[in-house]
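Structure first, commentary second.
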């Protein structure tokens, strides 16, 4: 359900799970950490982050949603100290826009698992 709502709201290029749920170490108080790679040229604004959290407000799961442009994600992906690097290496790709050719699409098993 979370993935479906984010796809409807942002039409993202990709959505990654990161943090304790992706690394396999979630605790009872762990939130769900997601990075949404958006197709825009301009950096996401505060309003965009508010939209992300409002679109998920009815889902009663602790969550943290980060928005990144593809350009920023790719720029920091090779930087070993960056979150983008860690997500690219250890994160879990939950969604990729069909036709992007980088991995799983909307109808992938990972997407189906998310509702």
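Numbering (my numbering), first residue to last: 35 to 149.
The beta carbon of each residue, even a glycine, is placed where N, CA and C say it ideally should be.
- For residue 45, there are no CB contacts under 6 Å within the same chain when 5 residues up- and downstream are skipped.
- When C-beta atoms of the stretch 116-131 are compared with those of the stretch 80-97, fewer than three pairs fall below 8 Å, so the two segments do not count as touching.
- Selection 38, 106, 112 and 52 evaluated against residue 78 yields 106 as nearest (Cα-Cα).
- Residue 111 is not a Cβ neighbour of residue 50, given a cutoff of 8 Å.
- Annotation for residue 54: 60 and 64 place their beta carbon closer than 6 Å to its own, counting only its chain and skipping 5 residues before and after.
- Under the DSSP assignment, residue 106 falls outside any beta strand (DSSP E), being part of the alpha helix (DSSP H) whose first and last residues are 104-110.
- The continuous beta strand (DSSP E) containing residue 130 extends over residues 126-130.
- Rounded to whole angstroms, residue 37 and residue 82 show a C-alpha spacing of 16 Å.
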